[in-house]
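To start, the structure under review is shown below, and the notes come after it.
There are 2 protein chains.
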Amino acid sequence: MTVVQAKLMGMEPHHPERSEIELPAVLHALSDPHRLEIVRRLNEDDEPRPCGKFGFDISKSTMTHHFRTLREAGVIRQERQGTTKMTELRREDLDARFPGLLDAVLSSKTVHV
Amino acid sequence: MTVVQAKLMGMEPHHPERSEIELPAVLHALSDPHRLEIVRRLNEDDEPRPCGKFGFDISKSTMTHHFRTLREAGVIRQERQGTTKMTELRREDLDARFPGLLDAVLSSKTVHV
Chain A
1 MTVVQAKLMG MEPHHPERSE IELPAVLHAL SDPHRLEIVR RLNEDDEPRP CGKFGFDISK
61 STMTHHFRTL REAGVIRQER QGTTKMTELR REDLDARFPG LLDAVLSSKT VHV
Chain B
114 MTVVQAKLMG MEPHHPERSE IELPAVLHAL SDPHRLEIVR RLNEDDEPRP CGKFGFDISK
174 STMTHHFRTL REAGVIRQER QGTTKMTELR REDLDARFPG LLDAVLSSKT VHV
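Order-wise, the sequence lines are chains A and B. Just so it is clear: in the first sequence, position 64 is 64 by the numbering used here, and no numbers are missing. So the numbering used here is basically just the index in the second sequence, starting at one, shifted up by 113.
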């Protein structure tokens, strides 16, 4: 099956193109302490992280909701690998679209989960 | 009536102290195109602006909701003057608390209302 066919069948998660990433959606995606912490951890990673490896004490369905919110806003990229999804920050896209935003958000010390 | 008495009677709107302003709440407050535009206009003002002078084509109750969301997050300050509320951006508080955030948000060209 090609990637296009997989997408058509809804098996590949949707990601907005860089030009489609909108500021209100990004700010909304970042407006939750857990989602901020996900972004903070991904920012420290050199490689994509499996979606189950964040260690928060919240339900899987809530985590899925957080990942979807971040992905649909264009903040993260998720790719299926077998039975898991590998997650990475769209740092380059965000920096190109909203210069300085992610640095300002990540340098804030006021987030605790 | 003193300001303290007015506050006790709930007549003065609540504003968080600078130290109480939290990043998720600020990002949420900024995650709406109309609220972003309010902040953008206030940022260009030299003096507080009457809350009725924004000229959006949306209902008064929706505007009130937007102002309350911004105020409770610590993004704007509102003070009653007679029958109106004067509104100003808490630029100094936000810059002290989250350096660079407001500049990054306001420099984005992707907001349209």
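Glycine included, every Cβ here is placed at the ideal spot set by N, Cα and C. All figures in this text were calculated on a predicted structure; none of them were measured in a lab.
- With respect to residue 136 of chain B, residue 108 of chain A sits close: the two C-beta atoms are nearer than 7 Å.
- Taking the Cα positions, residue 177 of chain B is about 47 Å away from residue 81 of chain A.
- Residue state for residue 70 of chain A is assigned as helix, using DSSP reduced to three classes.
- By the neighbour-count criterion, in which a residue is buried when 16 or more other Cβ atoms sit within 10 angstroms of its Cβ, residue 208 of chain B is exposed.
- Where residue 76 of chain A is concerned, the enclosing beta strand (DSSP E) starts and stops at 76-81.
- The beta carbon of residue 19 of chain A sits no closer than 7 Å to any beta carbon of chain B.
- Residues 151, 152, 155, 180, 183, 200, 201, 202 and 203 of the same chain have their beta carbon placed closer than 8 Å to that of residue 189 of chain B, with the five preceding and five following residues left out of the count.
- Separation of residue 196 of chain B and residue 78 of chain A (C-alpha to C-alpha, rounded to the nearest whole angstrom) is 52 Å.
- In the DSSP secondary-structure assignment, residue 88 of chain A is bridged to A/77.
- Here residue 35 of chain A is buried, its C-beta having at least 16 other C-beta atoms within 10 Å.
- Burial of residue 198 of chain B is indicated by the presence of at least 16 other C-beta atoms within 10 angstroms of its C-beta.
- Bridge pairing for residue 50 of chain A: A/86 [DSSP].
- Residue 38 of chain A sits in a helix when the DSSP states are folded into three classes.
- The C-beta of residue 145 of chain B has 16 or more other C-beta atoms within 10 Å across all chains shown, which makes the residue buried.
- For residue 168 of chain B and residue 162 of chain B, the gap between their C-alpha atoms comes out near 12 Å.
- Residue-level contact by beta carbon fails for residue 206 of chain B and chain A, as no gap is shorter than 7 Å.
- Annotation: the continuous alpha helix (DSSP H) that includes residue 106 of chain A extends over 101-106.
- When CB distances to chain B are screened at a threshold of 8 Å, the residues of the stretch 76-104 of chain A falling below it are 97, 98, 99, 100, 101, 103 and 104, in chain order.
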